[in-house]
Amino acid sequence: MVKSKKIKNICCLGAGYVGGPTMAVIADKCEDIHVNVVDICEKRIESWNNDNLDKLPVYEPGLREIILKKRNINLFFSTNIKEAISAADIIFVAVNTPTKLDGFGAGYASDLKYVESSIRKVAQYSVGHTIVVEKSTVPVKTAKIIKDLLNAVEVRNDSNLSKTFSVLSSPEFLAEGSAINDLENPDRILIGGEDELAIESLKNIYSRWIPTEKILVTNLWSSELSKLVSNAFLAQRISSINSISALCEKTGAKINQVSKSIGLDNRVGSKFLKAGPAFGGSCFQKDILSLVYLCKYYGLNDVAEYWESVVSINNWQRNRISNLIVETLFNTVSSKKIALLGFSYKANTNDTRESASIFIAKDLLKNGAVLSIHDPQVNPKQIKNELGIEENENYNENSEGCWSYFQNLYEAVKNADAIIILTEWEDYENLDWQLIYSLMRKPAWIFDTRSIISSKAAIKAGLKLWELGKGYLN
Ligand code: NAD
Ligand code: UDX
369 MVKSKKIKNI CCLGAGYVGG PTMAVIADKC EDIHVNVVDI CEKRIESWNN DNLDKLPVYE
429 PGLREIILKK RNINLFFSTN IKEAISAADI IFVAVNTPTK LDGFGAGYAS DLKYVESSIR
489 KVAQYSVGHT IVVEKSTVPV KTAKIIKDLL NAVEVRNDSN LSKTFSVLSS PEFLAEGSAI
549 NDLENPDRIL IGGEDELAIE SLKNIYSRWI PTEKILVTNL WSSELSKLVS NAFLAQRISS
609 INSISALCEK TGAKINQVSK SIGLDNRVGS KFLKAGPAFG GSCFQKDILS LVYLCKYYGL
669 NDVAEYWESV VSINNWQRNR ISNLIVETLF NTVSSKKIAL LGFSYKANTN DTRESASIFI
729 AKDLLKNGAV LSIHDPQVNP KQIKNELGIE ENENYNENSE GCWSYFQNLY EAVKNADAII
789 ILTEWEDYEN LDWQLIYSLM RKPAWIFDTR SIISSKAAIK AGLKLWELGK GYLN
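Going by the working numbering, the sequence shown opens with residue 369, and the numbers climb by one from there.
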């Protein structure tokens, strides 16, 4: 039997969408383990510690209940990185790995500066033997960089000061909006590594609530690469179905019927075949571009081109929606009020990173539109950051359009020429279409990019409707 190290204290570097929920679930499942989640961002930590649970930095169904139960019991949020690292038996690195914006590899490669700076702190402050787990999504061979950084400070002989490390990869597969359920009931847990004792120690944490047959052990590089490939495959399905949505609109085929037909084939499967306004989120595009960069680095240019086309189709899908809206509204949206429903990149999250709404809103603003934006979880400050312009409800002839935020959806649609549904929030499924129609300027249009509304009810109320993958319905 392989021995394992008894884990009493965990540190997680990075209190974001992965670090916060993941550690909350570990703390919930392992009440004998003290879990410290630390971050360099004071504001984020303050929000995690806020008494008002509506102010948590991450909105996830089920998260606030765990925070309420575990915070300051065995789950702690702090900026004291030094103390948390020194006390830890195991350290999860869940810092951001965005696409590099400039320099070598710009536009494709993952920026590993946050990984490097956090590992340097681990090297500096750790005490005794520490297991370091890559939770962040990283390019293949990052574990080698981490090992090199840590090996540079390893001290093996002096019993008081001895510092040693084991490096594992255990990428996270949670999806936002269902993170707690994904963490509690994952399809699989991946552990990549060489050190059996460290692997067993990590397994012992997960196996408190996850059946051992779901815990897959691989070598480091397979684990790192599997995460990138997993996201690339999921995104590829979305680009595939989105490309077909345009063909459906031209031919009279209906995208939901095509999705269902192909998904019923067990070899294809039904998930991730929902056409939409293009995938968003902080992961898909970044991870495919990272894969493309790796392929190019290893001279596999055809493979790189193949995967890059998944991102190209995604950009194309957003553009074609903006163009179609302008064309439909008599080729101009200048000074026209358009209600944009949904700003997060998917339902049940307050995350807006790479949301299709940002790109479509920017296109319409460039065309002079007056946007009224509604979202149940995203606040106007976030919208301002994403659009890069201040909120301003007063349209100015010389401006490139303007936007304002509405908490009340029915206020947002008042005098609007069109409504665009961009996020599949449940709130948008059953709206009072008669009231909405009476509030809008005529002809009143609705563009449903998520196919969530009752088309019959909207048409009956008098609205003109375009639905993604079906086209103009009346
Ligand atoms: P995030 O931006 O929400 O959080 C990252 C946090 O790390 C930030 O709060 C940042 O301040 C902190 N940080 C940066 N450098 C630090 C340091 N040296 N020490 C301590 N904290 C530091 O990012 P996220 O969405 O949680 O993603 C984290 C990683 O997990 C990324 O690699 C991402 O690709 C991957 N991932 C994300 C998701 C997701 O759904 N968001 C899912 C799976 C994997
Ligand atoms: C994704 C992966 O699913 C997850 O495993 C990984 O850990 C992180 O990246 P996430 O981006 O949070 O998760 O959400 P996901 O549900 O994958 O949706 C991503 C985007 O694709 C969203 O904009 C969503 O609206 C879109 N999507 C998803 C579709 O358009 N159609 C679908 O069928 C599924």
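For every residue, glycine included, the Cβ atom is placed at its ideal position computed from N, Cα and C. In this text the structure is predicted, and so the values were computed from the model without any measurement.
CA-to-CA distance, residue j to residue i, given in whole angstroms
i	j	result
ASP457	ARG432	27 Å
THR834	GLY644	It is Trp, not Thr, that sits at residue 834 in the sequence shown. Those two C-alpha atoms are separated by around 13 Å.
ILE757	ALA707	17 Å
ALA547	ILE693	33 Å
LEU381	ARG439	17 Å
VAL393	VAL483	23 Å
SER350	ASN549	In the structure as shown, the chain starts at 369 and stops at 842, and residue 350 therefore has no counterpart that could be examined.
GLY710	GLU794	11 Å
GLY837	ASN610	8 Å
LYS374	SER569	7 Å
SER806	ASN682	35 Å
ASP479	LYS512	16 Å
ASN691	SER703	16 Å
ILE413	PHE698	49 Å
ILE728	GLY430	31 Å
ARG686	SER658	21 Å
GLY384	LEU790	25 Å
THR700	ASN783	17 Å
ALA646	SER530	51 Å
GLY561	VAL585	8 Å
LYS752	SER767	16 Å
TYR773	GLU722	19 Å
Residue i CB to nearest heavy atom of the ligand UDX below 7 Å
i	result
ALA503	The sequence given here places Lys at residue 503; Ala does not occur at that position. Outside the cutoff, so no.
LEU641	yes
TYR713	yes
ASN553	no
ALA826	no
LEU602	yes
LEU542	yes
ILE606	yes
GLY637	no
GLY644	yes
PHE774	no
PHE846	Since the first and last residues shown for the chain are 369 and 842, residue 846 lies out of range.
ASN624	no
Cβ separation of residue i and residue j, assumed to be a contact under 8 Å, to the nearest whole Å
i	j	result
ILE689	ALA603	Not confirmed; about 18 Å, so no contact.
ALA491	LEU517	6 Å
GLU792	ILE820	5 Å
THR717	GLY545	5 Å
Residue i Cβ short of 7 Å to the ligand NAD heavy atom set
i	result
SER454	no
SER650	yes
GLY382	yes
TYR476	no
THR465	yes
ILE449	yes
VAL679	no
Q) Are three or more beta carbon pairs between the stretch 807–818 and the stretch 588–598 nearer than 8 Å? A) no
Q. Would you call the stretch 403–414 and the stretch 372–387 in contact, with 3 or more CB pairs under 8 Å?
A. yes
Q) Would you call the stretch 564–582 and the stretch 619–634 touching, i.e. three or more CB-CB distances under 8 Å? A) no
Q. Pairing CB atoms from the stretch 440–459 with CB atoms from the stretch 418–432, are three or more of them under 8 Å?
A. no
Q. So does the stretch 663–682 actually touch the stretch 729–740, counting three or more Cβ pairs closer than 8 Å?
A. no
(Q) Can you confirm whether the stretch 491–500 touches the stretch 468–475 when touching is taken to mean that 3 or more C-beta pairs between the two stretches lie within less than 8 Å? (A) Cβ pair count under 8 Å is below three, so no.
Q: Decide yes or no for the touch test of the stretch 820–827 against the stretch 744–751: beta carbon pairs closer than 8 Å, at least 3 of them.
A: no
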